[in-house]
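Residue numbers 6 to 260, in my numbering, belong to the letters of the sequence shown in order.
Below is one structure; the comments refer to it alone.
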Amino acid sequence: MRTPNNKVALVTGGTGGIGTAICECLYKNGFTVVANYRDFTKAMKWREEAKKWRDDQLKMGIDVKVVEGNVSDFKSTEKMMKEISEKSGPVDVLVNNAGITRDAPLHKMTPEQWYEVIDTNLNSVFNCSRLVVESMISKGWGRIINISSVNGQKGQFGQTNYSTAKSGMYGFSKSLALETAKKGITVNTISPGYISTSMVMAIKEEIREKIVAQIPAGRLGTPEELAKLVFYLASDDARYITGANLAINGGLHMY
Ligand code: NDP
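Right, here's the structure in full:
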């Protein structure tokens, strides 16, 4: 039985594989949840897909609102935050989940591949956090949860752009945690290993098997396991955890 709380959670890239599980989990645990998807001006299909996503969720009893916005662009993010504030209220829990990969070894990487990944995975964290932190400070409560990656911790061949963006989240989170620790706000990163989203399941089976063979737990993680960790960090119980990085990778990388 869902007991509504009075908190608004925004999940960027909320209609993707991991985002969907986070939205469902937060909704079931009482949050008013808003899922961000990409700015439709770039391609009408995103708006149609988001509407279908919301309809599918509603059929399962999950009432998550959807909102357009390109989080790699400050102005677009500003417009989106204004809309959320007017329709649902100020954001209490921000989950910076939107992300992309554009892999290539550095000697072949184009400036476009570099900037697109940095803008989407890292500059989006500034854009969204900057636009919600003041209202969190004035309320004396807030949660910012940044979805990083094991590849931000250990590096990955062909991912200088992605690893840079994901490890940049650690410095951002620790600094903002220091700035907001006395204001009832926590700022943390989660670094997932391989999670069984459609992106990972689309990898050729024999390659996926090789990946799984390297994971001490012997399997991929599930989006639901990750979502429960996000929920814990969003809860009051996690009030003393800030500036931390929580790894969820089945033992793939430990330090
Ligand atoms: P998905 O591609 O399913 O989800 C990412 C979402 O971000 C998509 O909905 C995507 O939209 C959206 N997005 C991309 N760019 C923008 C933008 N500029 N503005 C708004 N939304 C945008 O991937 P996952 O669910 O697997 O990944 C979620 C997060 O988890 C990412 O940050 C990823 O790096 C991280 N991660 C994933 C792992 C995994 O094993 N799956 C492992 C470690 C980290 P669109 O569909 O239109 O592209």
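Think of the CB as a built atom: it goes at the ideal place given N, C-alpha and C, for glycine as much as any other residue.
Minimum Cα-Cα distance from residue 202 among the listed residues 21, 7, 6, 15 corresponds to 21.
Between residue 79 and residue 126, the C-beta gap is not smaller than 9 Å, which leaves the two residues out of contact.
Note that the C-beta distance between residue 246 and residue 257 is not below 9 Å.
Residue 140 is not a Cβ neighbour of residue 196, given a cutoff of 9 Å.
Note that the C-beta distance between residue 248 and residue 189 is not below 9 Å. Taking the CA atoms as reference points, residue 101 sits about 24 Å from residue 109.
If you check the CB distance, residue 98 and residue 192 do not come in under 9 Å. Of all C-beta pairs linking the stretch 29 to 36 to the stretch 150 to 167, fewer than three are shorter than 8 Å, placing the two stretches out of contact. In the same chain as residue 69, and ignoring 5 residues on each side of it, the C-beta atoms closer than 8 Å to its own belong to 19, 28, 29, 32, 38, 39, 40, 59, 62, in chain order. As a beta-bridge residue in DSSP terms, residue 70 pairs with 39. Judged by beta-carbon spacing, residue 212 lies beyond the 9 Å limit of residue 181, meaning their Cβ atoms are not closer than that value. In the structure shown, residue 115 falls within a coil segment according to DSSP collapsed to helix, strand and coil. For residue 148, the secondary structure class from DSSP, reduced to helix, strand or coil, is strand. In the three-state DSSP reduction, residue 25 falls in the helix class (H, G or I). Going by beta carbons, residue 173 and residue 130 fall inside the 9 Å limit. Burial state of residue 242 is exposed, judged by a 10 Å Cβ sphere holding fewer than 16 other Cβ atoms. Per DSSP, the beta-bridge partners of residue 196 are 252. Distances taken from the Cβ of residue 24 to the heavy atoms of ligand 1 include one shorter than 8 Å.
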